[in-house]
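Comments concern the structure below.
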Ligand code: DGY
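In structure tokens, the structure reads:
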């Protein structure tokens, strides 16, 4: 039996090629290219990334598909229900990008609150007149509350980081009220209406689902205290971006740091001139080590799932 692995990219590191050696055929073709569509007909394992929004119609092209793997922890771009209905196993890459993503969220938070971009611009401008008592004031974080949307591994890793800064992490939950053990202490879990008014910082670490879409709606954003900072390294669509931009112009938010966007890679152009905003191109897991670990985990998962299904 021909086992065809079809991937939309070579991934990082040697793992996909190793997987290809274990099975008779490996095809690498861009998502929905003519070659990809042709190869789908005989594909048992499909590897994609979060920029490949697989639909049920795509699955129709691959009647023999056994595994759909994504080189991401997020699975909001996959047709999960259709996969379940068709007995297609879904493999993703949880765990290995936890620290990289939490690190990036922390970097954005410190960049915004300490105004590193403003400071760097002044230092590079050649116009700096020297140290002064009131230059480029930032905002201190010690003793303040950090709201965290999402109590999974990345939310907990971010809690550990802000706890080291002397902040008080508090998690959001829709119904669960049990405290969260985040590995360096425990933190309460509150409903959004109780959480938001206390947050000097709000960091998003939950998946995009029907429950979390537009969770930070314009109305909910108004519950934040004046000057609050928002960081999003999770998914666009959770934060109402136009509302956040308006609040930055009004001075009611202290700053917004985004690594992800509704409709990315398009970025709402209004962000480009929004004050106190920091924009990154979805770099959360972008370290050599992490991307290799993601590729390895994905390929191991595909190999094990195929072995299980075929054995
Ligand atoms: C993921 O894996 O879902 C992340 O968004 C990648 O950075």
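In the numbering used here, the protein residues as written are 29 to 339. The beta-carbon is built from N, C-alpha and C at its ideal position, and this holds for glycine as well.
Cβ-based neighbour list, residue i, same chain, cut-off 7 Å, excluding 5 preceding and 5 following
{"i": "residue 313", "result": "125, 128, 129, 319, 322"}
{"i": "residue 213", "result": "191"}
{"i": "residue 189", "result": "130, 134"}
{"i": "residue 166", "result": "141, 142, 143"}
{"i": "residue 288", "result": "260, 261, 262, 263, 264, 310"}
{"i": "residue 121", "result": "99, 100, 101, 322, 325, 326"}
{"i": "residue 147", "result": "164"}
Residue i versus residue j: straight-line alpha-carbon distance, rounded
{"i": "residue 274", "j": "residue 310", "result": "23 Å"}
{"i": "residue 123", "j": "residue 169", "result": "28 Å"}
{"i": "residue 82", "j": "residue 107", "result": "6 Å"}
{"i": "residue 286", "j": "residue 51", "result": "40 Å"}
{"i": "residue 80", "j": "residue 159", "result": "49 Å"}
{"i": "residue 198", "j": "residue 176", "result": "6 Å"}
{"i": "residue 181", "j": "residue 154", "result": "43 Å"}
{"i": "residue 49", "j": "residue 317", "result": "23 Å"}
{"i": "residue 222", "j": "residue 230", "result": "13 Å"}
{"i": "residue 336", "j": "residue 117", "result": "11 Å"}
{"i": "residue 71", "j": "residue 63", "result": "12 Å"}
{"i": "residue 44", "j": "residue 98", "result": "12 Å"}
{"i": "residue 224", "j": "residue 57", "result": "45 Å"}
{"i": "residue 258", "j": "residue 152", "result": "27 Å"}
{"i": "residue 164", "j": "residue 244", "result": "29 Å"}
{"i": "residue 174", "j": "residue 195", "result": "6 Å"}
{"i": "residue 46", "j": "residue 37", "result": "14 Å"}
{"i": "residue 228", "j": "residue 251", "result": "12 Å"}
{"i": "residue 219", "j": "residue 208", "result": "14 Å"}
{"i": "residue 249", "j": "residue 276", "result": "11 Å"}
{"i": "residue 132", "j": "residue 296", "result": "21 Å"}
{"i": "residue 302", "j": "residue 136", "result": "16 Å"}
{"i": "residue 193", "j": "residue 328", "result": "37 Å"}
{"i": "residue 305", "j": "residue 112", "result": "40 Å"}
CB-CB length for residue i against residue j, believed under 8 Å
{"i": "residue 334", "j": "residue 95", "result": "6 Å"}
{"i": "residue 326", "j": "residue 119", "result": "6 Å"}
{"i": "residue 140", "j": "residue 255", "result": "11 Å between Cβ atoms; not a contact."}
{"i": "residue 355", "j": "residue 179", "result": "Because residue 355 is not part of the residues shown, which for the chain are 29 to 339, the question remains open."}
{"i": "residue 299", "j": "residue 307", "result": "6 Å"}
{"i": "residue 87", "j": "residue 60", "result": "No, residue 87 and residue 60 are not in contact; Cβ-Cβ is about 13 Å, not under 8 Å."}
Close Cβ partners of residue i (< 8 Å) along its chain, the five nearest in sequence each way excluded
{"i": "residue 206", "result": "217"}
{"i": "residue 40", "result": "316, 319, 320, 322, 323"}
{"i": "residue 91", "result": "69"}
{"i": "residue 138", "result": "144"}
Residues of its chain near residue i, where Cβ-Cβ distance is below 6 Å and the 5 sequence neighbours each way are ignored
{"i": "residue 150", "result": "156"}
{"i": "residue 246", "result": "268, 271"}
{"i": "residue 232", "result": "177, 260, 262, 266"}
{"i": "residue 55", "result": "34, 67"}
{"i": "residue 109", "result": "none"}
{"i": "residue 294", "result": "none"}
{"i": "residue 183", "result": "176, 233"}
Task: Contact set, the ligand DGY heavy atom to C-beta under 5 Å - done: In chain order, the qualifying residues are 100, 101, 102, 312, 313.
- [ ] Pair every Cβ in the segment 260 to 269 with every Cβ in the segment 231 to 242, then say whether three or more of these pairs are closer than 8 Å.
- [x] yes
Open item on the list: Taking 8 Å as the cut-off, does the segment 33 to 40 touch the segment 67 to 76 (at least 3 CB pairs, one atom from each stretch)?
Closed with: yes
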